[in-house]
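**Q** Residue numbers (the numbering used here): 803 to 968.
Take a look at the following structure, please.
And the structure:
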């Protein structure tokens, strides 16, 4: 099974990749490009996953080479789970990509990363409300400290179990 990690640049995708895989990575250029893609393995809930950390992207409508590679990975690799990581402080600016991923019928789990900084500035975000409105699992994390990673692993496990039952 496969997990793709997507999101804008500098939202903690690579740190999350390292948290999930234990830092075992293979970095290679995407065929025909100079864009690097990190790949690793993760064991979650008894399942073995190939995890890939996509280049930063702002939209499924690619402008940069990095976005073209990220989009190609999503549609060619057909991941079982797409973890969309956003900076919780900039949720309004980052949700449009979440909506594009959902509209493309990709199996999205939304991760509000850097939640500690959002809390420090007084932001209150209802994960339950977001999950209900978007109809996708949602988790809050601080990838640098590991906060929320176990919850994310649980969301991945639940999502995969639900997908297997369908």
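Cβ atoms here follow ideal geometry from the backbone N, Cα and C, with glycine treated the same way.
1. Does the segment 884-891 come into contact with the segment 899-910, if we say contact requires no fewer than three beta-carbon pairs (one atom in each stretch) closer than 8 Å?
2. Using a Cβ distance threshold of 8 Å, determine whether the segment 911-926 contacts the segment 939-954, with at least three qualifying pairs required.
3. Taking DSSP as the reference, what is the three-state secondary structure of residue 841?
4. For residue 871, report the span of its alpha helix (DSSP H) as first-last.
5. Alpha carbon to alpha carbon, how far is residue 882 from residue 923?
6. Work out the CA separation of residue 870 and residue 878 for me, nearest whole Å.
7. Please report how far the alpha carbon of residue 935 lies from the alpha carbon of residue 824, in whole angstroms.
**A** The structure says:
1. A contact exists between the segment 884-891 and the segment 899-910.
2. Short answer: they touch.
3. Strand, per DSSP.
4. Where residue 871 is concerned, the enclosing alpha helix (DSSP H) stretches over 867-879.
5. About 35 Å.
6. Going by the C-alpha atoms only, they are around 12 Å apart.
7. Between residue 935 and residue 824, the C-alpha separation is close to 33 Å.
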